[in-house]
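> Quick one: the structure is below, and I'll ask about it shortly.
2 protein chains.
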Amino acid sequence: MDLKTFFNPASIAIIGVSENPKKVGYLVAENLIRQGYKGEIYFINPKFDKLFDRPVYKDIKDIKKPIDLVVLAVPADAAMHLLDDLKTIDIHNIVLYAAGFKEAGVDGAVKEQNLVMKAKQYDMTILGPNCIGYVSTISNANVTFLKNASPKGNVGFISQSGALGSLMVDYLVGHENFGFSYFMSLGNKATIDECDLLEFLRDDPDTKVIGMYLEDVKRGEDFKRILEETTKIKPVIILKSGSTVEGSKAAGSHTGSMVGDDMVYTTAFDQYGGIRAGQFFEFMSMLKICSFGRAPTSKDILILSNAGGIGVLLTDELIKNKLELVTVPEDVKETIKKNMGGDKVTIHNPIDLLGDASAFQYRQAIAATIQQKHIGGVIVMLTPQANTEVEDTAITLIEAQSAFSKPIFPIFMGEKSVGQSHTHFERAKMASFFTYDFLPSALAKIIHYQDHIQHSVVHTKKEIEPAKRVVIPKKSILNPFETNTVLMSAGINPVSLILAKSEEEVRKLGNEIGYPIVLKIASEKITHKTEVKGVRINIQNEKELVDNYHNMCEATGEPSVFLQKMMRGHEFIIGAKRDNQFGIVILLGLGGIYAELI
Amino acid sequence: MDLKTFFNPASIAIIGVSENPKKVGYLVAENLIRQGYKGEIYFINPKFDKLFDRPVYKDIKDIKKPIDLVVLAVPADAAMHLLDDLKTIDIHNIVLYAAGFKEAGVDGAVKEQNLVMKAKQYDMTILGPNCIGYVSTISNANVTFLKNASPKGNVGFISQSGALGSLMVDYLVGHENFGFSYFMSLGNKATIDECDLLEFLRDDPDTKVIGMYLEDVKRGEDFKRILEETTKIKPVIILKSGSTVEGSKAAGSHTGSMVGDDMVYTTAFDQYGGIRAGQFFEFMSMLKICSFGRAPTSKDILILSNAGGIGVLLTDELIKNKLELVTVPEDVKETIKKNMGGDKVTIHNPIDLLGDASAFQYRQAIAATIQQKHIGGVIVMLTPQANTEVEDTAITLIEAQSAFSKPIFPIFMGEKSVGQSHTHFERAKMASFFTYDFLPSALAKIIHYQDHIQHSVVHTKKEIEPAKRVVIPKKSILNPFETNTVLMSAGINPVSLILAKSEEEVRKLGNEIGYPIVLKIASEKITHKTEVKGVRINIQNEKELVDNYHNMCEATGEPSVFLQKMMRGHEFIIGAKRDNQFGIVILLGLGGIYAELI
Numbered sequence: 001m002d003l004k005t006f007f008n009p010a011s012i013a014i015i016g017v018s019e020n021p022k023k024v025g026y027l028v029a030e031n032l033i034r035q036g037y038k039g040e041i042y043f044i045n046p047k048f049d050k051l052f053d054r055p056v057y058k059d060i061k062d063i064k065k066p067i068d069l070v071v072l073a074v075p076a077d078a079a080m081h082l083l084d085d086l087k088t089i090d091i092h093n094i095v096l097y098a099a100g101f102k103e104a105g106v107d108g109a110v111k112e113q114n115l116v117m118k119a120k121q122y123d124m125t126i127l128g129p130n131c132i133g134y135v136s137t138i139s140n141a142n143v144t145f146l147k148n149a150s151p152k153g154n155v156g157f158i159s160q161s162g163a164l165g166s167l168m169v170d171y172l173v174g175h176e177n178f179g180f181s182y183f184m185s186l187g188n189k190a191t192i193d194e195c196d197l198l199e200f201l202r203d204d205p206d207t208k209v210i211g212m213y214l215e216d217v218k219r220g221e222d223f224k225r226i227l228e229e230t231t232k233i234k235p236v237i238i239l240k241s242g243s244t245v246e247g248s249k250a251a252g253s254h255t256g257s258m259v260g261d262d263m264v265y266t267t268a269f270d271q272y273g274g275i276r277a278g279q280f281f282e283f284m285s286m287l288k289i290c291s292f293g294r295a296p297t298s299k300d301i302l303i304l305s306n307a308g309g310i311g312v313l314l315t316d317e318l319i320k321n322k323l324e325l326v327t328v329p330e331d332v333k334e335t336i337k338k339n340m341g342g343d344k345v346t347i348h349n350p351i352d353l354l355g356d357a358s359a360f361q362y363r364q365a366i367a368a369t370i371q372q373k374h375i376g377g378v379i380v381m382l383t384p385q386a387n388t389e390v391e392d393t394a395i396t397l398i399e400a401q402s403a404f405s406k407p408i409f410p411i412f413m414g415e416k417s418v419g420q421s422h423t424h425f426e427r428a429k430m431a432s433f434f435t436y437d438f439l440p441s442a443l444a445k446i447i448h449y450q451d452h453i454q455h456s457v458v459h460t461k462k463e464i465e466p467a468k469r470v471v472i473p474k475k476s477i478l479n480p481f482e483t484n485t486v487l488m489s490a491g492i493n494p495v496s497l498i499l500a501k502s503e504e505e506v507r508k509l510g511n512e513i514g515y516p517i518v519l520k521i522a523s524e525k526i527t528h529k530t531e532v533k534g535v536r537i538n539i540q541n542e543k544e545l546v547d548n549y550h551n552m553c554e555a556t557g558e559p560s561v562f563l564q565k566m567m568r569g570h571e572f573i574i575g576a577k578r579d580n581q582f583g584i585v586i587l588l589g590l591g592g593i594y595a596e597l598i
Numbered sequence: 001m002d003l004k005t006f007f008n009p010a011s012i013a014i015i016g017v018s019e020n021p022k023k024v025g026y027l028v029a030e031n032l033i034r035q036g037y038k039g040e041i042y043f044i045n046p047k048f049d050k051l052f053d054r055p056v057y058k059d060i061k062d063i064k065k066p067i068d069l070v071v072l073a074v075p076a077d078a079a080m081h082l083l084d085d086l087k088t089i090d091i092h093n094i095v096l097y098a099a100g101f102k103e104a105g106v107d108g109a110v111k112e113q114n115l116v117m118k119a120k121q122y123d124m125t126i127l128g129p130n131c132i133g134y135v136s137t138i139s140n141a142n143v144t145f146l147k148n149a150s151p152k153g154n155v156g157f158i159s160q161s162g163a164l165g166s167l168m169v170d171y172l173v174g175h176e177n178f179g180f181s182y183f184m185s186l187g188n189k190a191t192i193d194e195c196d197l198l199e200f201l202r203d204d205p206d207t208k209v210i211g212m213y214l215e216d217v218k219r220g221e222d223f224k225r226i227l228e229e230t231t232k233i234k235p236v237i238i239l240k241s242g243s244t245v246e247g248s249k250a251a252g253s254h255t256g257s258m259v260g261d262d263m264v265y266t267t268a269f270d271q272y273g274g275i276r277a278g279q280f281f282e283f284m285s286m287l288k289i290c291s292f293g294r295a296p297t298s299k300d301i302l303i304l305s306n307a308g309g310i311g312v313l314l315t316d317e318l319i320k321n322k323l324e325l326v327t328v329p330e331d332v333k334e335t336i337k338k339n340m341g342g343d344k345v346t347i348h349n350p351i352d353l354l355g356d357a358s359a360f361q362y363r364q365a366i367a368a369t370i371q372q373k374h375i376g377g378v379i380v381m382l383t384p385q386a387n388t389e390v391e392d393t394a395i396t397l398i399e400a401q402s403a404f405s406k407p408i409f410p411i412f413m414g415e416k417s418v419g420q421s422h423t424h425f426e427r428a429k430m431a432s433f434f435t436y437d438f439l440p441s442a443l444a445k446i447i448h449y450q451d452h453i454q455h456s457v458v459h460t461k462k463e464i465e466p467a468k469r470v471v472i473p474k475k476s477i478l479n480p481f482e483t484n485t486v487l488m489s490a491g492i493n494p495v496s497l498i499l500a501k502s503e504e505e506v507r508k509l510g511n512e513i514g515y516p517i518v519l520k521i522a523s524e525k526i527t528h529k530t531e532v533k534g535v536r537i538n539i540q541n542e543k544e545l546v547d548n549y550h551n552m553c554e555a556t557g558e559p560s561v562f563l564q565k566m567m568r569g570h571e572f573i574i575g576a577k578r579d580n581q582f583g584i585v586i587l588l589g590l591g592g593i594y595a596e597l598i
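In order, the protein sequences belong to chains H and V.
Numbering of the first sequence is given in the UniProt record's numbering, commencing with residue 1 and proceeding in unit increments.
Numbering of the second sequence is given in the UniProt record's numbering, commencing with residue 1 and proceeding in unit increments.
Here it is as structure tokens:
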């Protein structure tokens, strides 16, 4: 799906433009003008002649010029009728805000089916319905009804929730250098879905990092492919809701999504390089770090702090997130000690600069340490104490960052004294934080992503020759013999399983196979074999074998048993299921009696 | 230890008062005046006659009036000398800021030992050394060198890190109704430790909730007792660092603490009603909720939201924290639907009021739901969308809170549009939040605390009669027989264990005990019995028994084995160790071959 014209149109028509500042038709028109869109704008509403100092057309057919994008600021039923008109004048790109489709029950679902059919028939690409539109800060096309113009930046954001977009804009307008290349609201995904948008942002040179809020994924196979292609080029950070059953239910009623197994989403995201965010501020932290282009180069972190206790709390969080504290070499320790005035400073990592650390002391500690080859990043903590030089320390860090390539992450905690410093850092494109809470997990996930990309495995798929495939018996539980046959046909060699039906056969086969031997129940009625003592392992000789055979026959009332050569190794469970979104999912874990416990 | 005079003194002398605004001696004097202390203030420094428009004494002995508290703003060695002088004029309460004691290596540790000895000999109570003093907003005694006066409130805060105190003050000065009754910096705990302070705050009527930042606990047994007594009256919220080995090391170099096993701390806190915070903002959130006195009454939560997606994210977090979503009864659903204008609103829980929800609609939804008996609390989410009435919705919620007893927790997300609303909420003593990230875990922990207090168990200790105690053999590993003897002497009845030394004995004992039987290796050299097949279970008859006996003898080269009656049930591991801080700790878990795996 080529969306270049859709998201950077040369002309936009708004049907349903309004004079009421509370109506979507007003807000969209206002946003388009306020954002500074330079293309042709056409307003349509039979009730008005002029709005926003611009002419208003009675009918879109009166315009008689090419229109790249039509925005429908009208209710659902009106929109459905309009599609037929739009077809006649060769309109192909449509933004549809209206709610009342599949998120609103059975009638709505029928309406949405009609919408999808018409779109296909008329060759129309539709964003929505039940969406809030999009912003392109590249062409300054803002066809959302958000409260503010969107700040320009390099974050491409795809959202299955309009509110999350409005929230991010509300947050970003107060910040610097941190903004959108594109913000796209998915809505009900009648024709454009997250795969199309991800593909568009993958190829967009103005987008450095992609953020997604998802409740479900529509085309799992495509999503995996596009995600893999995209994450090779730029990070994709995903906030997905519905990680609990209750949350999934709530998501279902929100956008009418059919949400799948959340564990499968986590696995799919991870396997194809996506970074799954935990909570909102972790999500924002990762976007900011990637947007500013200063990710840590390894998991070896150095901490400088003027607050010992908080250095310790940060250390705990780093370690819990599997990051590592760099060891400071002895000669560097000596240099810092000399510079900092003797024995008071504790030169381990975290380096505790003590409560009265000056900006100059921060500078010296950074200069002495940051060029150590094995440092992946430096976290500099500051709490506002009596003599803390907040402003000067911020400037010192900005200077240091411009001189050194290793990323510096300032955590300036507090509120009153440190607020302004975060503005300085943003101006210098340094990701700074007001608490240590989110940074360790954010860094750990980014580093994991980088490792993944560097060491990504080529996925090969081994097809089984059709001739070698067996037909799997149509029953819910296979017996061990049937299981082995299926495994063998898939190219996996299980331990041979031999059926014996009498003591004589058991004796004979035992000698052929060789001891030690395992004896298994052959009854199809029993799946949990351990509980009925249906597995006898490590049988050492013929006598033990015969004893166990009779004992087992007594329990099952059947003369049939399976014999296998006893193997040593780890017991594991392997399983597979077909997920609605992502196809075949494989389970691999600790097996035996603990499979259901753990 | 009676600390009433210490923390609310009628007179304070500062030795080492200074004219240099960067020196502690200046900052403390300034804070004491700025905080509005009404008692007698005496300044001492031989270099000055007058400072802060007040007379300065050459020597403390010149004052010749009773002094309740002496503040030593002088270096470590000078402080040590001064103690002898102070003894002669009957001074008993001292705040000592100086660093250079046990946190600073061997020489410092010796100095601290001397300090402790002198304090004992002279009957002196010392806060510190290596501390930043304390603030009492009750008597307005502020003898810290923090940057700001401390806001008054009902939070008693005990901190083993001075920086954390300064950080909290920096945060709190911009807020309303949220402040300290007392802030106390522990430092190296030469004489006053966390037990003394907890005991003081337990009995303090102006303290409604206690916050603690701890790196270690000095007197475990006392701490458990005082914590239990305190949490019966008011919540104690603890932020403890050193939850990882690396963090513990860092804590050790920070205040010279001997930190113990972190798991033991978690267990001890929980067992005696303390609430352990995870991260900093969770800690602050819990303090705020408890300080405002509006804790949820049960784990049944109702969510109202104008942002479906974020309602889902919040739902996920609530469920992960084992909170529950209230089911909205059908009649209430109908009422809300009617009020909100039909079918568009999704009335499950979370109740999605849609992006254009007005303040009036929020009001109606609250009115229709909040009186439901089973609701423990209502979380109201708002994101700033096009027509969102942020201010009016805030006022609506404040009015609703004043009319209903169930707590309402507003989460107003965003930055630009919602900042002011948080000020409104604080004025009305409502705990509001700028993101959903911390609230679910904060609420869950508070509810767990309330349950704990309501259902707290009386701890009984059963002493074993000395006559029945056996002497435990002095060896590192006991054999099964010795273990059984020790267990029996402690009043636990294990399965009888019988030693057999020959096939004949084995046969005889087997018949006496009755089948099925377990055979165990009696070798003292082997602890992991499974690996050498040293445990044979479920032996059904004499023949199996004899076979297994010979087989085992072959493996060990010894004729001795243990016999036990085979039992059914769960296998578990039990262990105990003596923790430095908290005494005997008991381990109970899944046993057998998985004990070290899990």
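Don't be surprised by glycine CBs; every beta carbon is placed ideally from N, CA and C.
This one's a predicted model, so the numbers in the text were calculated from it and none came from an experiment.
(1) Have a look at H:L164, H:K333, H:N493 and H:E554 and flag the residue whose alpha-carbon is nearest the alpha-carbon of S305 (chain V).
(2) So, does the CB of P350 (chain V) fall closer than 8 Å to a CB anywhere in chain H?
(3) Report the CB separation of S94 (chain H) from V70 (chain H) in whole angstroms; it is logged as a contact under 8 Å.
(4) Near V169 (chain V), which residues of its chain fall below 6 Å by C-beta distance, leaving aside the five closest residues on each side in sequence?
(5) For the alpha helix (DSSP H) containing P440 (chain V), list its first residue and its last residue.
(6) Does the beta carbon of F6 (chain H) sit closer than 8 Å to a beta carbon anywhere in chain V?
(7) Mind listing the chain V neighbours of L201 (chain H)? Cutoff is C-beta to C-beta under 9 Å, in chain order.
(8) Give me the residue from V:I537, V:E558 and V:D62 with the minimum Cα distance to R568 (chain V).
(9) Of all the residues that make up the region 141-163 of chain H, which are near chain V by a beta-carbon distance shorter than 8 Å?
(10) Between H:I521, H:Q540, H:V486 and H:S523, which lies nearest to N511 (chain H) when the distance is taken from Cα to Cα?
(11) Of all the CB atoms in chain H, is at least one closer than 8 Å to the CB of E415 (chain V)?
(12) Taking I398 (chain V) as part of the alpha helix (DSSP H), name the residues at either end of that continuous run.
(13) Helix, strand or coil for N20 (chain H), going by three-state DSSP, please let me know.
(14) Please look up how many angstroms separate the CB atoms of A431 (chain H) and F409 (chain H), rounded, as I've assumed it's under 8 Å.
(15) Of all the options V:G376, V:I336 and V:N349, which has the alpha carbon lying nearest to the alpha carbon of Y362 (chain V)?
(16) Determine the DSSP secondary structure at N387 (chain H), reduced to helix, strand or coil.
(17) For K577 (chain V), I'd like the list of residues in its chain whose CB is within less than 7 Å of its CB, leaving aside the five on either flank, ordered along the chain.
(18) Buried or exposed for A78 (chain V), going by 16 or more other Cβ atoms inside 10 Å?
(19) For M80 (chain H), is the classification buried or exposed, using 16 other Cβ atoms within 10 angstroms of its Cβ as the cut-off for buried?
(20) Just to confirm, is the Cβ distance from Y97 (chain H) to V24 (chain H) under 8 Å?
(21) Going along chain V in order, which residues have a C-beta closer than 9 Å to the C-beta of A307 (chain H)?
(22) Could you tell me the distance, in whole angstroms, from the CA atom of L227 (chain H) to the CA atom of L167 (chain V)?
(23) DSSP three-state label for G309 (chain V), please.
(24) Please decide whether D62 (chain H) counts as near chain V, where near means a Cβ-Cβ distance under 8 Å.
On the basis of the supplied data:
(1) As a first step, residue 305 (chain V) is located in the second sequence; it is residue number 305 there, counting from the start. For the residues H:L164, H:K333, H:N493 and H:E554, the minimum Cα distance to S305 (chain V) belongs to H:L164.
(2) Counted from its first residue, the second sequence places residue 350 (chain V) at position 350. P350 (chain V) counts as touching chain H.
(3) What you label residue 94 (chain H) is simply residue 94 of the first sequence in a count that begins at 1. What you label residue 70 (chain H) is simply residue 70 of the first sequence in a count that begins at 1. For clarity, residue 94 (chain H) is Ile in the given sequence; the question names Ser instead. Right, their Cβ atoms sit about 5 Å apart.
(4) In the second sequence, residue 169 (chain V) corresponds to position 169, counting from 1. Around V169 (chain V): L146, N148 and S150.
(5) Position 440 of the second sequence, counting from 1, holds the residue named residue 440 (chain V). Residues L439 to Q454.
(6) Counting from one through the first sequence, the residue named residue 6 (chain H) turns up at place 6. It does not: the Cβ of F6 (chain H) has no partner Cβ on chain V nearer than 8 Å.
(7) Sequence index remark: in the first sequence, residue 201 (chain H) carries index 201 (1-based). Going along chain V, no residue has its Cβ under 9 Å from L201 (chain H), so there is no contact; the nearest lies around 19 Å.
(8) One-based indexing of the second sequence puts residue 568 (chain V) at position 568. It is V:I537 whose Cα lies nearest to the Cα of R568 (chain V).
(9) Those would be F145, L146, K147, N148, S159, Q160, S161, G162 and A163, in chain order.
(10) Locating residue 511 (chain H) in the first sequence gives position 511, counting from the first residue. Ranking the options by Cα distance to N511 (chain H), first place goes to H:Q540.
(11) Your numbering for residue 415 (chain V) matches position 415 in the second sequence. E415 (chain V) counts as touching chain H.
(12) Working through the second sequence from its first residue, we reach residue 398 (chain V) at position 398. Looking at the DSSP string, the run of the alpha helix (DSSP H) that includes I398 (chain V) is V390 to A403.
(13) Taking the first residue of the first sequence as 1, we reach residue 20 (chain H) at position 20. Note: N20 (chain H) maps to coil in three-state DSSP.
(14) As a position in the first sequence, residue 431 (chain H) is number 431, starting the count at 1. As a position in the first sequence, residue 409 (chain H) is number 409, starting the count at 1. With a Cβ gap of about 6 Å, A431 (chain H) and F409 (chain H) count as contacting.
(15) Counting from one through the second sequence, the residue named residue 362 (chain V) turns up at place 362. The residue with the shortest Cα to Cα distance from Y362 (chain V) is V:I336.
(16) Residue numbering aside, residue 387 (chain H) sits at position 387 when the first sequence is read from its first letter. Assigned with DSSP and collapsed to three states, N387 (chain H) falls in coil, not helix or strand.
(17) Along the second sequence, one-based indexing puts residue 577 (chain V) at 577. Excluding positions up to five away in sequence, the list reads V585.
(18) Translated into positions along the second sequence, residue 78 (chain V) becomes position 78. With fewer than 16 Cβ atoms within 10 Å of its Cβ, A78 (chain V) is classed as exposed.
(19) By 1-based counting over the first sequence, the position of residue 80 (chain H) is 80. When all chains shown are included, M80 (chain H) counts as buried.
(20) Along the first sequence, read from residue 1 onward, the residue named residue 97 (chain H) stands at position 97. Along the first sequence, read from residue 1 onward, the residue named residue 24 (chain H) stands at position 24. Contact: yes.
(21) Within the first sequence, residue 307 (chain H) is the residue found at index 307, counting from 1. Contacts between A307 (chain H) and chain V, judged by CB atoms closer than 9 Å, involve S161, G162, A163, L164, S166 and L167 in chain order.
(22) Residue 227 (chain H) sits at position 227 when you count from the first residue of the first sequence. Residue 167 (chain V) sits at position 167 when you count from the first residue of the second sequence. Straight-line measurement puts the Cα of L167 (chain V) at about 42 Å from the Cα of L227 (chain H).
(23) On the second sequence, residue 309 (chain V) is found 309 positions in, with the first residue counted as 1. Three-state result, G309 (chain V): helix.
(24) Reading the first sequence from its first residue, position 62 is the one you call residue 62 (chain H). So, not an interface residue.
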